[in-house]
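Notes follow once the structure below has been shown.
In my numbering, the protein residues as written are 3 to 160.
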């Protein structure tokens, strides 16, 4: 197996844009009036999805690289407060933090001296590869939910 090809494919998976919308597209140009609106009662708002993505990705990343990391309490620690006012600063900060953590995950993938199939030393058997794939899978799902919510509200480019 050509490890450089494997790593490049993982980076492509994390960055999206092939089989699903990438983060920049899903989160770009969201009308402020749509950020914290639930298009239907059973669909999360774009803000709720973004914050969930940010919190979960941060948890997976920090678990992977920091033996002292403590995960939020499930499930309440992984979702924002419902119906809170979302300021432009809150939105910008959340998007920037999500993208910065995603870039950190990409850096892990690109680290040639790290055996991605090795067990994370402080884990209960999880590998770096497992955590990377978990980030990719979780992000793809919730970015898709954001796109769906935006479509339902008429805030998705045709």
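Every residue, glycine too, gets a C-beta built ideally from N, C-alpha and C.
*How many whole angstroms separate the CB atoms of residue 145 and residue 21, which I take to be in contact at a CB cut-off of 8 Å?*
Actually they are not in contact, since the Cβ atoms of residue 145 and residue 21 sit about 11 Å apart, beyond 8 Å.
*In whole angstroms, what separates the C-alpha of residue 42 from that of residue 156?*
C-alpha separation (whole angstroms): 13 Å.
*Taking only the alpha-carbon atoms, compute the straight-line gap between residue 89 and residue 128 and give it to the nearest angstrom.*
In a straight line, the C-alpha of residue 89 is about 37 Å away from that of residue 128.
*asked:* For residue 102, tell me which candidate among 17, 10, 6, 11 has the shortest Cα-Cα distance.
replied: The shortest Cα separation from residue 102 among 17, 10, 6, 11 belongs to 17.
*asked:* For residue 35, count the other beta carbons within 10 Å of its own beta carbon; 16 or more makes it buried, fewer makes it exposed. Which is it?
replied: Residue burial annotation: residue 35 is exposed, with fewer than 16 other C-beta atoms found within 10 angstroms of its C-beta.
*Secondary structure at residue 119, three-state DSSP: helix, strand or coil?*
Shown here, residue 119 sits in coil according to DSSP, grouped into three states, outside any helix or strand.
*Count the other C-beta atoms from every protein chain shown that fall within 10 angstroms of the C-beta of residue 112, then say buried if there are 16 or more, exposed otherwise.*
Exposed: under 16 other Cβ atoms inside 10 Å.
*Rounded to whole angstroms, what's the CA-CA distance from residue 5 to residue 65? Just pull it up for me.*
Cα to Cα, residue 5 sits roughly 24 Å from residue 65.
*asked:* Under 8 Å: do the segment 133 to 153 and the segment 47 to 65 share three or more Cβ pairs, one atom per stretch?
replied: Taking 8 Å as the limit for Cβ pairs, the verdict is that the segment 47 to 65 does touch the segment 133 to 153.
*Excluding the 5 residues preceding and the 5 following residue 3 in the sequence, name in chain order all residues of the same chain whose CB lies nearer than 6 Å to its CB.*
The answer is none, since no qualifying residue turns up.
*asked:* Taking only three categories from DSSP, how would you classify residue 89?
replied: Collapsing the DSSP output to three states places residue 89 in coil.
*Quick one: is residue 10 buried, meaning 16 or more other Cβ sit within 10 Å of its Cβ, or exposed?*
By the neighbour-count rule (16 or more Cβ atoms within 10 Å), residue 10 is not buried but exposed.
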